[in-house]
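Novice:
Residue numbers (full-length UniProt numbering): 1 to 215.
(1) Specify the secondary structure class of residue 190 as computed by DSSP and reduced to three states.
(2) What residues are listed by DSSP as bridge partners for residue 147?
(3) Can you tell me whether DSSP reads residue 175 as helix, strand or coil?
(4) To the nearest angstrom, report how far apart residue 171 and residue 208 are at their CA atoms.
(5) For residue 201, which beta-bridge partners are listed by DSSP?
(6) Suppose you measure from the CA of residue 105 to the CA of residue 154; what does that come to, to the nearest Å?
(7) Enumerate, from N- to C-terminal direction, the unbroken alpha helix (DSSP H) stretches of 4 or more residues contained entirely within the stretch 107–131.
(8) Is residue 167 helix, strand or coil by DSSP?
(9) Should the stretch 138–158 be regarded as contacting the stretch 173–184, the criterion being three or more beta carbon pairs within less than 8 Å?
(10) Out of curiosity, what's the CA-to-CA distance linking residue 159 and residue 174?
(11) So does the stretch 187–204 actually touch the stretch 111–122, counting three or more Cβ pairs closer than 8 Å?
(12) Which residues bound the beta strand (DSSP E) around residue 207?
(13) Using 8 Å as the threshold, is the C-beta distance between residue 198 and residue 101 below it?
(14) Based on Cα-Cα distance, which residue from 190, 146, 148 lies nearest to residue 162?
(15) Apart from the five residues just before and just after residue 194, which ones in its own chain have a Cβ nearer than 6 Å to its Cβ?
(16) By Cβ distance below 8 Å, which residues in the same chain neighbour residue 213 in space, the five residues on each side in sequence not counted?
(17) Just how far apart, CA to CA, sit residue 73 and residue 80?
(18) If residue 148 sits next to residue 126, beta carbons under 8 Å apart, how far is it from one beta carbon to the other, in whole angstroms?
(19) Taking DSSP's pairing of strands, which residues face residue 160 in a bridge?
(20) Can you give me the C-alpha to C-alpha distance between residue 63 and residue 89, rounded to a whole angstrom?
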């Protein structure tokens, strides 16, 4: 039996013409199956995006003067707001530093005042010894007393309560009241124990006897 000759040609047959590959389905006529040629030889699918890009560029370029003015004003307002926020933040930082320094100074003064308060009994004993003539010039105890007082003064310690000055309850503590027809206001008659202040801080009120106006 003779073999039938296979007239089918494979895909690699050089005699078989290659069929065109259509990627854009819009170019195929649904009735005839023929390929449509775009007008003027221009691919419509390629020209469409270019037209859209041109429209967008035209829209961007068509910004009116009023719209541009609004944009400029908005930018200026934003810059002004940012500058205001920056200045406010700087002011808050300065205030914070000021509070920190003030609190630090107050805490330092409070610590010094507490230390001095604990040493006041020794200062009272030295004052009592001096009043009795026990502190002789050049004596070791006299030198110690001078150095101790100099150290207190270095930190700003000042004595309050002087005989003859008006009585001030903010700095003086009246231990006894003595009627006196010669005074018009309450006056310190004698200082029993000196008082001290450190800056604006009262370390200890002065204990005093007070002359009061007689009825």
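Note that beta-carbon positions come from the ideal geometry of N, C-alpha and C, so glycine has one too.
Specialist: Based on what the coordinates show:
(1) For residue 190, the three-state secondary structure derived from DSSP is strand.
(2) In DSSP, residue 147 forms no bridge with anything.
(3) Judged by DSSP in its simplified three-state form, residue 175 adopts strand.
(4) C-alpha separation (whole angstroms): 10 Å.
(5) Residue 201 is bridged to 198.
(6) Cα to Cα, residue 105 sits roughly 16 Å from residue 154.
(7) Those alpha helix (DSSP H) runs which fall completely within the stretch 107–131 and span 4+ residues do not exist here.
(8) DSSP, reduced to helix, strand and coil, places residue 167 outside both helices and strands of the structure shown, so it counts as coil.
(9) Verdict: no, contact absent.
(10) The alpha-carbon atoms of residue 159 and residue 174 are separated by roughly 16 Å.
(11) A contact exists between the stretch 187–204 and the stretch 111–122.
(12) First-last of the beta strand (DSSP E) with residue 207: 206–213.
(13) The Cβ-Cβ distance between residue 198 and residue 101 does not fall below 8 Å.
(14) Looking at the Cα atoms, 190 is the closest of the given residues.
(15) So the list reads 159, 161, 206, once near-sequence residues are dropped.
(16) Apart from the 5 residues on each side of it in sequence, residue 213 sits with its Cβ closer than 8 Å to the Cβ of 179, 180, 181, 183, 184, 185, 186 in its chain, given in chain order.
(17) Distance between the alpha carbons of residue 73 and residue 80 is about 10 Å.
(18) About 7 Å; that satisfies the 8 Å criterion.
(19) 195.
(20) Going by the C-alpha atoms only, they are around 37 Å apart.
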